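In our numbering, the protein residues as written are 1176 to 1337.
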């Protein structure tokens, strides 16, 4: 979905800087496709086999500062998304994160894909990423509490086991 988004943004005349990362060069996906639609492509691999050695989040701050980025779109593992959201917030940029949660049913019944997200009213709710997502504002996801049910979250009352 991010490749299509990049293409649409370019068609609107937007600058599209892409950071594409993987653990190794063999695991990089869509390099030629993204080159066609990006203003600038930065590649990172954890082993240094292609591009800059390191992770996406290692090069993101420099790119954001250099280009005065206003919006960051990200897709990847939860830990990376949490870091991208934190970096975007540090640079006062808006972030949209496409989460990679396990979605067993895909229609919201099984509740395996829930995560804590702060609503517009400031209240945290357990939302289904397969229904209400999978894209969320990075600054509203409670990244440190993924996989848990925060005590103050609505939609998932605490059990009284006494």
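No residue lacks a Cβ here, since even glycine has one placed at the ideal position from N, Cα and C.
On a predicted model such as this, the values are computed, not experimentally measured, just so you know.
Exercise. Could you give the uninterrupted runs of the beta strand (DSSP E) lying entirely in the segment 1226–1269, keeping only those of 3 residues or more?
Worked result: Listed in chain order, they are 1246–1250.
Exercise. Which word fits residue 1204, buried or exposed, when buried means at least 16 other C-beta atoms lie within 10 angstroms of its C-beta?
Worked result: exposed
Exercise. By Cβ distance, which residues of its chain are closer than 7 Å to residue 1236, with the 5 residues on each side in sequence left out?
Worked result: 1262.
Exercise. For residue 1307, which of 1323, 1274 and 1321 has the nearest alpha-carbon?
Worked result: 1274
Problem set entry | Touching by the beta-carbon criterion (3+ pairs, under 8 Å), the segment 1179–1194 and the segment 1239–1255 | yes
Problem set entry | Segment contact flag, the segment 1303–1321 with the segment 1262–1271, C-beta cutoff 8 Å, min 3 pairs | yes
For this session: Out of 1295, 1221, 1305 and 1223, state which residue places its alpha-carbon closest to the alpha-carbon of residue 1276.
Result: 1305
For this session: For residue 1324, name the three-state secondary structure that DSSP assigns.
Result: Coil at residue 1324, not helix or strand.
Exercise. Which residues mark the beginning and the end of the beta strand (DSSP E) in which residue 1193 is found?
Worked result: 1192–1197
Exercise. With respect to 6 Å, is the separation between the Cβ of residue 1295 and the closest non-hydrogen atom of the ligand COA below this value?
Worked result: Among the ligands in the structure shown, none appear at all, so the ligand COA cannot be discussed.
Exercise. Using DSSP with H/G/I as helix, E/B as strand and the rest coil, what is residue 1274?
Worked result: coil
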